[in-house]
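**Student:**
Protein chains in written order, with our numbering: chain A, 42 to 521; chain B, 11 to 523.
Structural data, given as C-alpha cells:
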C-alpha cells in the first residue's frame, strides 16, 4: 500500500494530523489568547478543504479493502460539512469569549466531530460507518456538556449520551443481524450477495434493517426517536446547538444514503415503509408541537424534526431524483438552520441567553437589518419563495410526485402550512411588537458579518438555485 | 437599445430595485427628517418611472395579435425545465397597466400619513408592485408561483406593521389562508411538470390529461384562486384584511391582488384544464351567484365602511368569475362564440373597473379616517357640508360601484349580464340583482356618510381635500369616467386574446382521445 493509493483519504489524514497539532499548541495558550486556537482551527479547515478538492478522484475509488469510498456524494457532503463547521466556529468565537467559555477543547472537539462525519460520508462498509458515527457522537456528547457550570447542559448531555448509546447499540445490533444474514460488512459485497441470493431477503434481514433504521432515525431526530433533540438543542450552549444542527445532519444523510440506498438499495420494498412512517410522523409531530414552544431553540429543534420529515419523504421515494432532492434539501436546510440559531447568539450578551421568543420582540426597531435576516431565515424555512427553502421543497415534492405518491405530497405541503404559523410568529414578534429589551446588540463583528452573509446566501441561493441543484442531482446521476 | 425585449423585466425589476434603494436610504428613524423626504421622492420616482414603462408597453402593444408579446425566455433551472419566461397578451397587459397606474397613487396617498417607518412602508409597496407585475407577466409555472407567493411577504408586513387594532389576527389569517391555497397550486404545477416535462404554461396547456386528473388539478387550482378572488365560502379573510390594513394596503389588495385570482382562472385553470372547467362550470356559476346575491346582502348590514366596501368587492368579483364560467353554458345552449367572448370580456373589464373603483372607494375611506380615526358609519354624517369636493368625488365612485352608465362600473356589468342572459335567464336574474342590492348598500352608505345633517361635531371641523388627496382621487375619477365613456381601447386590447381563449376552450384535451 503506497501513499498515492491512499490519496483519496488524504483529507481525513490531514485533518487528524492538524487536530493533533491544534490540540498540542492549545495546551500552551492561556484563555486571553485563545484566538490563536480559533485561527489554527480555521486554518485546519481551510487546509482540509484544499486537500479535499485536490485529491478528489475523478471517479468512484475504493481504498482500505473496499471499506472506504471516495465518490461524488462524499465530495459534496464533506465540502459542505467543512464549510458549515467553519461557520459554526465563526459564530462560536465571539459568544464563547464573551461568556468565559473560550476553551480550545471546543474547537478540537468540533474538529474531531468533523473527522467522524467525514469518515461516515466516505464509508463503504458497516464497520467504517459505525466508526465515523461513534467518533462524531462522542465529540457531540462532550460538546453538549461543554459548559460545566450549566445544569441544563449537563442534563442534556446525559440524556443525549444515554439515548445515543442505546441508539448506537440498536444500530450495531442491526448491523450484526445484517452481517449474519449476508455474511458481509461492505456495502458492495452486501448488495452483490443480495442480488446473488434473493432468498436472503426475509424476516431476519428485515429485523436487522429495522434496528439499523432505529439508529439512523435517532441520529436524524426523526419521530418517534426524536425525544432527545429539543432537550439537547435547548440545553446545550447556543454555539454547540449551531454545530449540532448543521453539519451532523449531513452526516445523518450520509448514514441513510450509504446504508439504505447503496448497501440495501435492492431491498427498497423492505425499508421503504419504515422510512415513510418516520417521514410522516416527523412532518406531523414536528410541525404541530413546535407551535406550543416559547423557547426559540426548542421551537427550531421541533422545526428540525419537521424538516427531517421532508428529507426522509424525498429519500423514501427510492429514485435518483428522490436522493438528489434529499441531498439538496439537507444542504440548504442546514444553511438556513445555522443562521436561525445564530440569531440567538446575536441577541445574547454576557449572562443572558436570548433564547425566548419574546427576546425577538421589536427587533425591527432595534436592528432592521438583522430583523430582515431573521425574516429571510423564517420565510425560507416556511418554504416561501424567493428564498432557497422554496426550491428545497419544490425538489422534494417533485421527487415524491414523480415516484407516484400524490397523497404524501399533499401531506408535505399541508404540514408546511401548519409550520408557517410558528415561523410567522417570529416575524410578527420582530416587526409588529414593541421591543421589550432595548439594549444595544453586543455580538462581535465577525458574528454579524457571518450572519449577514448567511442570510444573503439564503436569498441568493433562492434566486440562483440551479447550480446547487445540478451538483446534488449529478451526484446520483439524476439529471434528465 | 431594443427596449421591447426587456420591457417586462424592467416592469418587474425597476420597482423592486427602487424599493431596495428606498430601504437603503431609510428614514433615519424620523418621518419628518430630510432623509425621509429624499426617500419619498425616490419612491415616487420609481413608481412613476414604472408607470412610464407601462405606458411604453401600452404604446407598443399590438391589439390584433392573440399570441404572447414582449416575450423573454432565459433558462433558470435547466434540470427542472424552469425558465425565466415572461410575456403578455391582451389578458395580462391591462392588469399590468392597472398595477403601474395604481401604485404611484398609493405612494402619493401615503406621503405624509405614514408616520412610523415610512421607508419600510414605501419599500414594501414598491417591491410588491414588481412582484405583482411578475405574476401577470410570468409564463412559467415556477416563476409564476415564486411571484405569486413572494407577494404575500410584503403584504403580510404592510398589514401587520401599519394596520389597525386587530391587524395581527388579520394578517396571520390572510397569510395562512392564502398560503394554504397556494401550496396546493404548487403541488398541482409539479404534477403537471411530471406529466409535461417542463414548467412552461404552453406545455401545461398542451399536455393531455384524463378527466380524473383534470378534476383533481382543478380542485387544487380552485382552492388557490378561489381564496384569492375571493369566492364564497373561502372569502372570510378578506373583510378582516381589508379593514385592518392601512389605506394603501387596502387599495392594493382590492385593486390588484384580488384580480390575481381571476387572472389565475383565466390563464391557468381554464386553458390547462378545459374539460374539468366545463365539468365544474355549474359549481363555479353557483358560487359566483352566491357571492353576488348573498354577499351583497351581507354588505347591506355592515356598520364599518371598510367592511362594507370589502363585501362589495367580493360581490363584484363574483361578477368576474360568473362572466368567465358562463362560457360553456352559452356554447351549449346557443353555440354562440360571440356571446361566450362577451362574458369573458365583461369579466375582464369588470376586473379593471373594479380595481379603479374599489381602489378609489378605499382611498375615500382613508381620507375620512385620516380626519376622524374612525371607520364607523355612525360617526359620520353630513360630510358634504364641510367637504364638498370630497363629497362629489365619493358620490361619483359610489355611482361607479353601483354600475351607473357613463362610469366604468357599467361596462363590465352590462356585458356579463347580457352574456348570462344567453346562458340562462335565471343566471341573468341572479346577476342583475346586484344592480338593486349594489345600489342599496352603496347609496345608503353615501347617504349616511356624505349627505344629511352634520351629525358629529368633529365632522363640522373637517377640512376639504388637500392637494395630495385631490390629485389621487381626481386622477381616479378621470380614469373611471374615461373607461366608462370610452371603453374601446381596453376592449380592443383584450379582443384577440379572448377570442383565441374561447376558441381553445371549446376544444377538449382528454388523454387517450
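Idealized CB from N, CA, C, for every residue including glycine.
Just to make sure I have the definition right: I need the residues of chain A whose C-beta is within less than 7 Å of the C-beta of residue 88 (chain B). Which are they?
**Tutor:** To locate residue 88 (chain B), count along the second chain from 1; it is residue 78. What residue 88 (chain B) touches in chain A: 507.
**Student:** Taking the alpha-carbon of residue 259 (chain A) as reference, which of A:514, A:293, A:143 and A:360 has the nearest alpha-carbon?
**Tutor:** The residue labelled residue 259 (chain A) in the question sits at position 218 within the first chain. Minimum Cα distance to residue 259 (chain A) is reached at A:293.
**Student:** In chain order, what residues of the same chain have a beta carbon less than 7 Å from the beta carbon of residue 504 (chain A), not counting five sequence neighbours either side?
**Tutor:** Stepping through the first chain from its first residue, residue 504 (chain A) is reached at position 463. Here the set comprises 427.
**Student:** Kindly give me the distance between the Cβ atoms of residue 446 (chain B) and residue 353 (chain B), rounded to whole angstroms, as I take these residues to be in contact under 8 Å.
**Tutor:** Within the second chain, residue 446 (chain B) is the residue found at index 436, counting from 1. Within the second chain, residue 353 (chain B) is the residue found at index 343, counting from 1. Residue 446 (chain B) to residue 353 (chain B), Cβ: 21 Å. No contact.
**Student:** Can you give me the start and stop residues for the beta strand (DSSP E) that residue 93 (chain B) sits inside?
**Tutor:** Position 83 of the second chain, counted from the first residue, corresponds to residue 93 (chain B). Residues 92-98.
**Student:** Using the rule of at least 16 other Cβ atoms within 10 Å of the residue's Cβ for burial, across every protein chain shown, is residue 238 (chain B) buried or exposed?
**Tutor:** Along the second chain, one-based indexing puts residue 238 (chain B) at 228. Buried, since its Cβ has 16 or more Cβ neighbours within 10 Å.
**Student:** Would you tell me roughly how many angstroms separate the C-alpha atoms of residue 126 (chain A) and residue 134 (chain A), rounded to the nearest one?
**Tutor:** Position 85 of the first chain, counting from 1, holds the residue named residue 126 (chain A). Position 93 of the first chain, counting from 1, holds the residue named residue 134 (chain A). Looking at the two C-alpha atoms, the distance is approximately 12 Å.
**Student:** Contact criterion: CB-CB distance below 7 Å. Does residue 32 (chain B) meet it with respect to chain A?
**Tutor:** Start at 1 with the first residue of the second chain, and residue 32 (chain B) comes out as number 22. Not an interface residue.
**Student:** Reducing DSSP to helix, strand and coil, say where residue 242 (chain B) ends up.
**Tutor:** Here residue 242 (chain B) is taken as the residue at index 232 of the second chain, counted from 1. Note: residue 242 (chain B) maps to coil in three-state DSSP.
**Student:** The region 327-338 of chain A: which residues have C-beta closer than 8 Å to a C-beta of chain B, in chain order?
**Tutor:** none
**Student:** Compare the C-alpha of residue 296 (chain B) against each of B:148, B:131, B:436 and B:509 and name the closest.
**Tutor:** Your numbering for residue 296 (chain B) matches position 286 in the second chain. The option with the nearest alpha carbon to residue 296 (chain B) is B:436.
**Student:** Taking just the CA atoms, how far does residue 393 (chain B) sit from residue 472 (chain A)?
**Tutor:** Within the first chain, residue 472 (chain A) is the residue found at index 431, counting from 1. Within the second chain, residue 393 (chain B) is the residue found at index 383, counting from 1. Rounded to whole angstroms, the separation of the alpha carbons of residue 393 (chain B) and residue 472 (chain A) is 36 Å.
**Student:** With distances taken Cα to Cα, identify the nearest neighbour of residue 155 (chain B) among A:194, A:434 and A:307.
**Tutor:** Reading the second chain from its first residue, position 145 is the one you call residue 155 (chain B). It is A:434 whose Cα lies nearest to the Cα of residue 155 (chain B).
**Student:** Can you name the start and end residues of the alpha helix (DSSP H) that residue 526 (chain B) belongs to?
**Tutor:** Nothing about residue 526 (chain B) can be reported from this structure: the residues present for chain B run from 11 to 523 only.
**Student:** Short of 8 Å in beta carbon distance, which residues of its chain neighbour residue 300 (chain B), apart from the five on each side in sequence? Order them along the chain.
**Tutor:** Counted from its first residue, the second chain places residue 300 (chain B) at position 290. Correct list, in chain order: 242 and 328.
**Student:** Mind pulling the chain B residues with CB within less than 9 Å of residue 447 (chain A)?
**Tutor:** Working through the first chain from its first residue, we reach residue 447 (chain A) at position 406. Result: 197, 201 and 226.
**Student:** Does the separation of the CB atoms of residue 451 (chain B) and residue 336 (chain B) fall below 7 Å?
**Tutor:** Residue 451 (chain B) sits at position 441 when you count from the first residue of the second chain. Residue 336 (chain B) sits at position 326 when you count from the first residue of the second chain. No; because the gap between Cβ atoms is not below 7 Å, this pair is not in contact.
**Student:** Is there a C-beta anywhere in chain A that falls below 7 Å from the one on residue 160 (chain B)?
**Tutor:** By 1-based counting over the second chain, the position of residue 160 (chain B) is 150. Closer than 7 Å: yes.
**Student:** If you scan the region 173-228 of chain A from start to end, which runs of the alpha helix (DSSP H) of 4 or more residues do you find wholly inside it?
**Tutor:** The qualifying runs are 192-223.
**Student:** Along chain B, in chain order, which residues have C-beta atoms closer than 7 Å to that of residue 351 (chain A)?
**Tutor:** Stepping through the first chain from its first residue, residue 351 (chain A) is reached at position 310. In chain order: nothing, as chain B lies at least about 13 Å away.
**Student:** For a cutoff of 7 Å on Cβ pairs, would you count residue 8 (chain B) as touching chain A?
**Tutor:** Since the first residue shown for chain B is 11 and the last is 523, residue 8 (chain B) is missing from the structure and cannot be characterised.
**Student:** For chain A, is any of its Cβ atoms less than 7 Å away from the one on residue 167 (chain B)?
**Tutor:** The residue labelled residue 167 (chain B) in the question sits at position 157 within the second chain. Yes, residue 167 (chain B) lies at the interface with chain A (some Cβ there is under 7 Å from its Cβ).
**Student:** Which residues, taken in chain order from the region 177-191 of chain B, show a beta carbon closer than 9 Å to some beta carbon of chain A?
**Tutor:** 177, 178, 181, 182, 185, 186, 189 and 190
**Student:** When the Cα of residue 349 (chain A) is compared with those of A:261, A:506, A:379 and A:414, which residue comes out closest?
**Tutor:** If you number the first chain from 1, residue 349 (chain A) lands on position 308. It is A:261 whose Cα lies nearest to the Cα of residue 349 (chain A).
**Student:** Restricting to Cα atoms, I'd like to know which of B:138, B:150 and B:355 is closest to residue 162 (chain B).
**Tutor:** Along the second chain, one-based indexing puts residue 162 (chain B) at 152. Ranked by how close their Cα comes to the Cα of residue 162 (chain B), the residues B:138, B:150 and B:355 have B:138 in first place.
**Student:** Using three-state DSSP, classify residue 443 (chain A) as helix, strand or coil.
**Tutor:** Residue 443 (chain A) sits at position 402 when you count from the first residue of the first chain. Helix, per DSSP.
**Student:** At 3 residues or longer, and completely inside the region 392-466 of chain A: list those beta strand (DSSP E) runs for me, N to C.
**Tutor:** none
**Student:** By the DSSP assignment, the alpha helix (DSSP H) with residue 68 (chain A) in it spans what residues?
**Tutor:** The residue you call residue 68 (chain A) lines up with position 27 of the first chain. Taken as a continuous stretch (DSSP letters only), the alpha helix (DSSP H) holding residue 68 (chain A) covers 51-68.
**Student:** Nearest chain A C-beta to residue 170 (chain B) closer than 7 Å, yes or no?
**Tutor:** As a working note, residue 170 (chain B) is residue 160 in the second chain. Chain A contact via Cβ: present.
**Student:** Tell me, please, whether the CB atom of residue 156 (chain B) is closer than 7 Å to any CB atom in chain A?
**Tutor:** Mapped onto the second chain, residue 156 (chain B) falls at position 146. At least one chain A Cβ lies under 7 Å of residue 156 (chain B).
**Student:** Using the beta-carbon count (16 or more within 10 Å), is residue 84 (chain B) buried or exposed?
**Tutor:** Working through the second chain from its first residue, we reach residue 84 (chain B) at position 74. Burial call: exposed.
**Student:** Tell me the residue span of the beta strand (DSSP E) that contains residue 85 (chain B).
**Tutor:** Taking the first residue of the second chain as position 1, residue 85 (chain B) is located at position 75. Looking at the DSSP string, the run of the beta strand (DSSP E) that includes residue 85 (chain B) is 79-87.
**Student:** Are the region 94-111 of chain A and the region 483-503 of chain A touching by the rule of at least three beta carbon pairs closer than 8 Å?
**Tutor:** At 8 Å Cβ cutoff, the stretches do not touch.
**Student:** Applying a beta-carbon distance threshold of less than 8 Å, which residues of chain A neighbour residue 152 (chain B)?
**Tutor:** The residue given as residue 152 (chain B) occupies position 142 in the second chain. Ordered by position in chain A, the residues that pass the 8 Å Cβ test against residue 152 (chain B) are 435.
**Student:** Considering only DSSP beta bridges, list what residue 166 (chain A) is partnered with.
**Tutor:** Here residue 166 (chain A) refers to the residue found at position 125 when the first chain is read from its first residue. Paired residues: A:227.
**Student:** Name, going along the chain, the residues of the region 447-464 of chain A whose beta-carbon falls closer than 8 Å to a beta-carbon of chain E.
**Tutor:** In the structure shown, chain E cannot be found, because the protein chains are A and B.
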